[in-house]
Amino acid sequence: MKKKFIFAVIAIILSLGIVFDFVFNIGIIKLAGNVFTPVELVFTTTGSSISGFFGGLGNIGNLQTENNDLKNKLNQALSENAILAESKKENDSLTKLLGFQKSTGLNLLPGIITSFDPTLSSGINVFVDDSSQISVGSAVIADGYLVGRVSKISSNNLNISLIIDSSSAIPASIKSKNVTGISKGLIGNGLILDQVPQGDEVAKGDLVVTSGLGGNIPAGIILGRVSDIQKISGSIFQQIRLDPMVEFSKIRKVMIVKK
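Under my numbering, the residues of the sequence shown are numbered 1076 to 1334, in order.
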């Protein structure tokens, strides 16, 4: 209401100014033009600033949209790379397994790990399509290395006792050497090669494999690598520590030697 009143007053003043200027030629119109030009300039400048401000807001919105698009593309690329890496890992594992199967001539049945105790003290649980070809004591292999033996069969579900279990005792030998012993498990501490005479030649880095003596575990499957040797005075046997060849908590697939 106030604005309408002000504009009405201005209109009346301008009208009177035009009349007086026409009659008396005193230059009121020119004066009014000079007076109101700054006002026009202020509104024009303000309008430009407001337009620029909202235009800037629009640009910010566009940048935010582009940023979100880039994030989505990055996440998609990371996901695809993860899938490719996992596929490569499985492909490498399969290639190694096929090579192992060909070199040993073993008849193997695939199994998928369904669960395991984080402490590994209860072994791992495995599902197979057909358990009729498996017996208790059958060797279980992952990536070409021995990881345990079948301890229980229930339908198509198997419980696997790991080689690092304290109850595990597997006849073993050092590859390419006439040295034999018993591989025993140490939960959380790997393996030891027990009952190796002090006079037998053993070196760090030697590979320890199954000897095939007793039980139904084939010979030549790698158990671990010698990491430490101690010869204790007064003892007839050496104390030999082994590092297993696999990380048991990261195994997802295994192969079981058929009977």
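For each residue, glycine too, the CB sits at the ideal point set by N, CA and C.
Hey, isoleucine 1331 and leucine 1184: beta-carbon distance below 7 Å or not?
yes
Residues in its own chain within less than 6 Å of glycine 1223 by CB, not counting five upstream and five downstream?
Val1215, Ile1235, Ser1236, Leu1237 and Ile1238
For glycine 1180 and glycine 1274, I'd like the C-alpha separation in whole angstroms.
34 Å
Quick one: what's got a C-beta closer than 8 Å to serine 1242's C-beta in the same chain, skipping five residues either side?
Ser1236 and Gly1260
Report the option in Val1225, Leu1282 and Ser1248 whose CA atom is closest to the CA atom of aspartate 1240.
Val1225
Span of the beta strand (DSSP E) holding leucine 1317?
1313–1319
Can you list the beta strand (DSSP E) stretches of 3 or more residues lying completely in the region 1220–1260, in chain order?
1220–1229, 1232–1237 and 1244–1249
Isoleucine 1311 beta carbon less than 7 Å from that of leucine 1268
no
CA-to-CA distance, proline 1272 to glycine 1309, given in whole angstroms:
12 Å
Can you tell me the Cα-Cα spacing of lysine 1227 and isoleucine 1199, whole angstroms?
11 Å
If you run the structure through DSSP and keep just helix, strand and coil, what is lysine 1333?
coil
Status (buried if at least 16 other CB within 10 Å, exposed otherwise) for leucine 1153
exposed
How would you call leucine 1298, buried or exposed, if buried means at least 16 neighbouring beta carbons within 10 angstroms?
buried
Rounded straight-line distance, which links the Cα of valine 1321 to that of lysine 1252:
23 Å
Residues bridged to isoleucine 1187 (per DSSP)
Phe1202 and Lys1328
What three-state label does DSSP hand glutamine 1208 in the structure shown?
helix
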